[in-house]
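In this note's numbering, the protein residues as written are 4 to 311.
#1: Would residue 291 pass as a contact of residue 23 if the rule is Cβ separation under 7 Å?
#2: Around the C-beta of residue 104, are 16 or more other C-beta atoms found within 10 angstroms, so that it is buried, or is it exposed?
#3: Considering only their Cβ atoms, is the gap separating residue 46 from residue 87 smaller than 7 Å?
#4: For the beta strand (DSSP E) holding residue 294, just list the boundary residues, first then last.
#5: Just the Cα atoms here: how many angstroms apart are residue 37 and residue 302?
#6: Please classify residue 147: does DSSP put it in a helix, a strand, or coil?
#7: When the distance is taken between beta carbons, is residue 27 closer than 7 Å to residue 306?
#8: Checking 7 Å against the spacing of the C-beta atoms, do residue 154 and residue 93 come in under that value?
#9: What are the boundary residues of the beta strand (DSSP E) that residue 181 is part of?
#10: Would you grab the beta carbon distance between residue 193 and residue 207 for me? Rounded to a whole angstrom, and I think it's under 8 Å.
#11: Compare the Cα-Cα distances from residue 70 to each of 31, 239, 258, 80 and report the closest residue.
#12: What's the gap between the Cα of residue 119 and the Cα of residue 89?
#13: How far does the beta strand (DSSP E) with residue 76 in it reach, from first residue to last?
#14: Quick check: the stretch 193-203 against the stretch 165-177, are at least 3 beta-carbon pairs closer than 8 Å?
#15: In whole angstroms, give me the CA-to-CA distance for residue 134 and residue 122.
#16: In the structure shown, what three-state DSSP assignment does residue 270 receive?
#17: Exposed or buried, what is residue 239 when buried is set at 16 or more other beta-carbons lying within 10 Å of its beta-carbon?
#18: Which residue from 167, 267, 304, 99 puts its Cα closest to that of residue 277?
#19: Taking C-alpha atoms, which residue in 78, 286, 144 lies nearest to residue 113?
#20: Keeping to the same chain, check which residues put their C-beta closer than 8 Å to that of residue 283; ignore five residues upstream and five downstream.
#21: Could you please give me the residues that DSSP links to residue 121 through a beta bridge?
#22: Please tell me whether residue 237 and residue 288 are closer than 7 Å, where the distance is taken between their beta carbons.
#23: Tell me whether the beta-carbon of residue 34 lies closer than 7 Å to the beta-carbon of residue 55.
#24: Can you tell me which of the three DSSP states residue 192 falls into?
#25: Please classify residue 266 as buried or exposed, where buried requires at least 16 other C-beta atoms within 10 Å of its C-beta.
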């Protein structure tokens, strides 16, 4: 308990005064109306969005500069945890196929300029966690990390140190060739793990039981801070978390889902109602933390983020 107290005190000092976060009114992206795009993801450079369907089928590139779209793949499950190279030239995704009623998952890459698709990791009955940064894909496979350089679109970017995954509901962290089960809340159902840009903290959600909620911890699974509940949490810089706040009406469907932001010490909670949108699901944050995108029934929208 004393350790947690000192951690929180130090965290508060390092974060300084709380910022007030303001979101601009949303603007619909031209060409997305009625297309049923879901789960947007910003490219690291912020020049395009990756979009997919509500079942994660396929990937579409939406160019934020000239408002054009390009289909990258129609593979099943491609939109789930797809990752983009630092310069945006390459996208890595999973492709799910079935043989004799058995599910196989492969990892593929697609060149966004040429449309060329190639297999990175052959189809397997396992679903391996991977990270794609610094131009190198690293696949966590049987307690070891297998690396392969795919692109050099930005040479000076250093790759991530860690790979985080959910395996059999455990919260697992890979570094070098070491696999560690963290499980800060013990054995329970973990979802939505996400490593901070500075690779100092991990945000995750416990999906059920008396420990239900969203938490931040360090990379050892220690110094845990409870944030309440933040659905599909995303890093807004290194000091804040953004996500959705699910409000159920009759217990079967959302009636409201505003955007929520909170500092990683659990302070400065803000609920942002988006004009014209009672339900905002799975908001995505840009790498610079200056924009948020979300998909609605009408289309895909984007907002500016301002720290006051």
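For each residue, glycine too, the CB sits at the ideal point set by N, CA and C.
Let's see:
#1: Contact: no.
#2: exposed
#3: Cβ atoms of residue 87 and residue 46: closer than 7 Å.
#4: It spans 294-298 - the beta strand (DSSP E) in which residue 294 sits, taken as one unbroken run.
#5: 6 Å
#6: strand
#7: yes
#8: Their beta carbons are under 7 Å apart, which means residue 154 touches residue 93 by this criterion.
#9: 181-184
#10: 6 Å
#11: 31
#12: 18 Å
#13: 71-76
#14: yes
#15: In a straight line, the C-alpha of residue 134 is about 16 Å away from that of residue 122.
#16: coil
#17: buried
#18: Selected option, being the one with the closest Cα: 304.
#19: For residue 113, the closest C-alpha among the options 78, 286, 144 is that of 78.
#20: 247, 260, 261, 262, 277, 297, 299
#21: 112
#22: Yes, they are a contact pair.
#23: Taking a C-beta distance under 7 Å as the contact criterion, residue 34 and residue 55 do not qualify as a contact pair.
#24: Coil.
#25: buried
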